[in-house]
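Numbering (my numbering), first residue to last: 508 to 710. Think of the CB as a built atom: it goes at the ideal place given N, C-alpha and C, for glycine as much as any other residue. First comes the structure, then the notes that go with it.
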Amino acid sequence: MRYLCYDTALNEEYTLIQLLQRYPHAVSLFSGTDDEGIWDAAPWIFEVNTDCYALREEDTLIRLDRCIIFETAEPREEVIRFLQGLFYKNTAEGPVYLRVWDARVLLDSFREWGEKDRQVFFEFFDCFYTEGAEPGSMDRWVLDKKQDLVAEERLLSGLFPEERVEDPGAAAAPGKKGFEGTAAPPPGSEPDPPPKRRRFFIE
């Protein structure tokens, strides 16, 4: 299974709404945490079986900057738990919040990880993809024999060679339950009362 990790704070709500309509099997990465009310600025995980980047050809307002596609056999709920364990950290100096849903932040921070942390990551994920420098290309990130992170260039068209169209009737209606019983909010709505926001800075 491939999971698109989308940063709403970076790419904004318009694209989030389009993705929710196209890929109904989605949930906020903040689900089940103190930040779960921040749906409009949260990172989201989408189960994708078609080329999500093709949406930009259909709508010039679509933004998918610094997104990540994770590949794993694990179910969505486990993917969320694993990633939450990476970006919520308790240290002697206090809690630390690492924006690993941002491709640039993940790549930069991964280079500072120890060998054990790298192995654990790639025992869970088979690989992950980020958008390549050339149009229509993706970088497939894996570990080499020295446990270093390396990129293999792949064509985007090769990721989804046999695209399957989502059943429009399966689209999530406003308020449909997601992970941990969290309802996906209807477009244009705001949580009441306004949630406390974490300071996840865009780098």
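{"Check": "Which of helix, strand or coil DSSP assigns to Glu622", "Outcome": "helix"}
{"Check": "Spatial distance of Arg606 from Asn597 (CA atoms)", "Outcome": "15 Å"}
{"Check": "Three-state secondary structure (DSSP) of Trp608", "Outcome": "coil"}
{"Check": "From Asp558, Thr515, Val612, Glu659, residue whose alpha carbon lies closest to that of Tyr530", "Outcome": "Asp558"}
{"Check": "Beta-carbon proximity of Ile587 to Ile545, cut-off 8 Å", "Outcome": "no"}
{"Check": "Reference Phe589, options Phe537, Glu638, Arg618, Arg573, closest by Cα", "Outcome": "Phe537"}
{"Check": "CB-CB length for Glu578 against Phe632, believed under 8 Å", "Outcome": "6 Å"}
{"Check": "Continuous beta strand (DSSP E) stretch holding Arg573: start and end", "Outcome": "That residue, Arg573, is in no beta strand (DSSP E); it is neither H nor E in DSSP."}
{"Check": "Alpha-carbon spacing of Arg573 relative to Ala599, whole angstroms", "Outcome": "31 Å"}
{"Check": "Residues of its chain near Ser535, where Cβ-Cβ distance is below 6 Å and the 5 sequence neighbours each way are ignored", "Outcome": "Trp546, Ala549, Trp551"}
{"Check": "Beta carbon of Tyr636 nearer than 8 Å to that of Asp646", "Outcome": "yes"}
{"Check": "Reduced DSSP category for Thr637 - H, G, I as helix; E, B as strand; rest coil", "Outcome": "strand"}
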